[in-house]
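*Asks:* I'd like to ask you about the structure that follows.
In this note's numbering, the protein residues as written are 92 to 164.
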């Protein structure tokens with residue numbers, strides 16, 4: 092179990108608990124449940140790398156306490 096910190100760059104930080112074998116799409120669904128935004132409208136990235144929905148968090152080497160940036164489409 093790991094905890095990821097999501098920063099929407101509008102002053103809100105969200106802490107989400109998930110598993111290493113969850114996909115980025117699963118993470119978006121957990122974020123959507125907390126923010127009230129549809130998961131299709133969310134885009135997660137770190138620097139210039141945009142994370143794709145079908146790849147797992149362990150493949151992207153996302154670890155406990157890591158921060159990701161959240162953008163809205």
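Built from N, CA and C at the ideal position, the CB exists for glycine as well.
(1) In chain order, what residues of the same chain lie with their CB nearer than 6 Å to the CB of residue 111, ignoring the 5 residues before and after it?
(2) For residue 122, does the count of other Cβ atoms within 10 angstroms reach 16, so buried, or fall short, so exposed?
(3) Give the range of the beta strand (DSSP E) segment to which residue 161 is assigned.
(4) On the three-state DSSP scale, how would you describe residue 153?
*Replies:* Walking through what the data contain:
(1) 148 and 149
(2) buried
(3) 158-163
(4) coil
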